[in-house]
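When the letters of the sequence shown are read in order and numbered with the numbering used here, they come out as residues 1 to 372.
All C-beta atoms, glycine included, are put in the ideal place defined by N, C-alpha and C.
From a predicted model like this one, the values you see are computed outputs, not experimental measurements.
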Amino acid sequence: MSGERTRVLLIPNALFFPPYPDELPELRARGAQPSAWITDVDADIHYLDQRLRTNPPRWLHAVYRRLPIWMVQVLEAYRVGDRYDVVFCWSVADVALVLASLLKLTRRRMPVVALLTRVSEPKKAILLKRVHSHLARIILPPAAQREFAVEELGVPADKLVALPWTLDVDFWRARRDVAQTTISAAGGEMRDYATLVAALEGTGIPCHIAGVLDTGRPDWWNAGEVDRAGEESVPDNVTFGTMPPVELRALYERSRFVIVPLQPTTSDNGITSMNEAWAMGRAVIVSAVEGQRDAFVHGVEGLWVPQGDVAALRRAIVELWNDPERAAEMGRRGRALAERRSHAVFSEGIGRVLSEVAGSEHGDKERARDRA
1 MSGERTRVLL IPNALFFPPY PDELPELRAR GAQPSAWITD VDADIHYLDQ RLRTNPPRWL
61 HAVYRRLPIW MVQVLEAYRV GDRYDVVFCW SVADVALVLA SLLKLTRRRM PVVALLTRVS
121 EPKKAILLKR VHSHLARIIL PPAAQREFAV EELGVPADKL VALPWTLDVD FWRARRDVAQ
181 TTISAAGGEM RDYATLVAAL EGTGIPCHIA GVLDTGRPDW WNAGEVDRAG EESVPDNVTF
241 GTMPPVELRA LYERSRFVIV PLQPTTSDNG ITSMNEAWAM GRAVIVSAVE GQRDAFVHGV
301 EGLWVPQGDV AALRRAIVEL WNDPERAAEM GRRGRALAER RSHAVFSEGI GRVLSEVAGS
361 EHGDKERARD RA
């Protein structure tokens, strides 16, 4: 494979698209949203999403229309995967694990790389324990999840890849002349906004939450007015409402600091909001959960508070609100941390893994032919 770009069949999470990954560069060029790390991966990437550009025959296309998209992705990857150097499952644990199961059952080889986030969920754990032999590499950013995979599921440590979550540090950059008159929170997965609302009650500190109070639905960012149960009873100083990236960036600019209240989790939920806040030069207040262990140093880039502790969260918010110089200093240090997490770090790491797996598979095939 020397001198050739790795040919990749990439299976993205259909929940997040459209716009599709290959459409994102145009949106970034218009300034509508940040760039995605996938656009900088040095590989020849072909997407397997709702558009089905892998061109299944007409009869199969008719069958696929009756199936959920994740099942379509599994079957289509199994059908065409050997046309590519490597199959890359991007945050689609169900697709990766079922595809690996299918490969194991049929004793078929196919180089599959999976980017996962939470393998400790019971159903995923049971399946991964049985089929990790048919995943060439597992990119698993949360340290606690990597430990679980090795210690509880028997996944070889050298099969796991640690990469930090990254972001577009040029898009997420604050202007210097914006007054910081509020605080904010953003995101939905594993958020504990009930605790945050309770902590803010009676403080008079304005806070906008770019999310919904009920974060149980998987596509919380699409919540309409009928999906906002309970928000009508929050204090007057608290508002809710999801935002597109440009509006969220403006919210961060107006914020003195950003709060990431979390439910108990062993995954690194909230890291995207933390990275965005830091890139904007804003300190963070974060629930101390196992999944975010060692994400930052208390008092340097932000503050840890005990998970679910209303009084402790209120105390941290009030103290940091009343000490803008301390908040600004932690924000400056946060920006320095974010600059070490530019998308180049993640895209180069992903590209390296895909190339290594493809090269190893190519070498195995060459050796098999030589033996024959």
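Using beta-carbon positions only, say whether residue i and residue j come within less than 8 angstroms of one another.
i: residue 447; j: residue 135; result: There is no way to answer for residue 447, as the model of the chain reaches only from 1 to 372.
i: residue 116; j: residue 140; result: yes
i: residue 386; j: residue 260; result: This structure does not reach residue 386, given that the chain is present from 1 up to 372, and the question cannot be answered.
i: residue 128; j: residue 146; result: no
i: residue 23; j: residue 48; result: no
i: residue 90; j: residue 164; result: no
i: residue 320; j: residue 327; result: yes
i: residue 106; j: residue 80; result: no
i: residue 92; j: residue 185; result: no
i: residue 19; j: residue 38; result: no
i: residue 251; j: residue 43; result: no
i: residue 102; j: residue 74; result: yes
i: residue 318; j: residue 203; result: yes
i: residue 308; j: residue 158; result: no
i: residue 125; j: residue 152; result: yes
i: residue 144; j: residue 315; result: no
i: residue 138; j: residue 155; result: yes
i: residue 56; j: residue 64; result: yes
i: residue 182; j: residue 313; result: no
How would you write the range of the alpha helix (DSSP H) that residue i sits in, first residue to last?
i: residue 61; result: 58-64
i: residue 246; result: 245-254
i: residue 446; result: One cannot answer for residue 446 here, as it falls past the ends of the chain, which runs 1 to 372.
i: residue 272; result: 271-279
i: residue 15; result: Segment: none, residue 15 is in no alpha helix (DSSP H) and carries neither H nor E.
i: residue 29; result: 24-29
i: residue 317; result: 310-321
i: residue 334; result: 324-339
For residue i, which residues from the same chain have a beta carbon less than 8 angstroms from its beta carbon, with the 5 sequence-adjacent residues on both sides left out?
i: residue 360; result: 111 and 136
i: residue 17; result: 49 and 50
i: residue 167; result: 34, 272, 275, 276, 279, 338, 341, 342 and 343
Can you name the start and end residues of the beta strand (DSSP E) that residue i belongs to?
i: residue 306; result: 302-306
i: residue 384; result: The structure shown has nothing for residue 384, since the chain only spans 1 to 372.
i: residue 286; result: 283-288
i: residue 238; result: 238-240
i: residue 185; result: 182-186
i: residue 298; result: First-last for residue 298: undefined, no H or E at that position.
i: residue 45; result: 44-47
Measure how close the beta-carbons of residue i and residue j come, nearest whole angstrom, since I'm counting them as under 8 angstroms.
i: residue 332; j: residue 281; result: 6 angstroms
i: residue 345; j: residue 113; result: 17 angstroms between Cβ atoms; not a contact.
i: residue 287; j: residue 142; result: That belief does not hold up - the Cβ atoms of residue 287 and residue 142 are roughly 15 angstroms apart, past 8 angstroms.
i: residue 238; j: residue 271; result: At roughly 24 angstroms, the Cβ-Cβ gap does not stay under 8 angstroms, so residue 238 and residue 271 are not in contact.
i: residue 338; j: residue 169; result: 6 angstroms
i: residue 175; j: residue 247; result: That belief does not hold up - the Cβ atoms of residue 175 and residue 247 are roughly 15 angstroms apart, past 8 angstroms.
i: residue 148; j: residue 119; result: 7 angstroms
i: residue 324; j: residue 256; result: 6 angstroms
i: residue 330; j: residue 300; result: 7 angstroms
i: residue 334; j: residue 302; result: 7 angstroms
Near residue i, what residues of its chain come up, given a Cβ to Cβ distance below 6 angstroms and the 5 sequence neighbours on each side ignored?
i: residue 198; result: 310
i: residue 379; result: The structure shown does not extend to residue 379, since the chain spans only 1 to 372, so no value can be given for it.
i: residue 190; result: 262, 263, 265 and 269
i: residue 363; result: Note that residue 363 has pLDDT 47, beneath the 50 cutoff, so the model's placement of it is unreliable and no number is given.
i: residue 121; result: none
i: residue 370; result: Caution applies to residue 370, whose pLDDT of 43 falls short of 50 and renders its modelled position unreliable; the value that the coordinates give is listed next. Nothing meets the Cβ criterion.
i: residue 171; result: 34
i: residue 104; result: 131 and 134
i: residue 347; result: 37, 40 and 41
i: residue 296; result: 302
i: residue 207; result: 183, 200 and 238
To which residues of the same chain is residue i closer than 7 angstroms at the C-beta, ignoring the five residues directly before and after it?
i: residue 45; result: 8 and 10
i: residue 69; result: 14 and 50
i: residue 377; result: The structure shown does not extend to residue 377, since the chain is modelled only from 1 through 372, so no value can be given for it.
i: residue 201; result: 235
i: residue 220; result: Low confidence applies to residue 220: its pLDDT is 49, below 50, so where it sits in the model is not reliable, and the reading given next is rough at best. Result list for residue 220: 188, 211 and 212, in chain order.
i: residue 27; result: 19 and 33
i: residue 289; result: 262, 264, 265 and 307
i: residue 233; result: none
i: residue 291; result: 142, 144, 265, 266, 267, 268 and 269
Would you check whether the ligand SAH has a heavy atom nearer than 7 angstroms to the C-beta of residue i?
i: residue 328; result: Here there are no bound small molecules, and the ligand SAH is not part of this structure.
Suppose only complete runs of 3+ residues qualify. What are the beta strand (DSSP E) ranges in the segment 81-113, listed by chain order?
DSSP runs (the beta strand (DSSP E)) wholly in the segment 81-113: 86-90.
Beta strand (DSSP E) runs wholly inside the segment 105-169, at least 3 long, in chain order:
The qualifying runs are 112-115 and 137-139.
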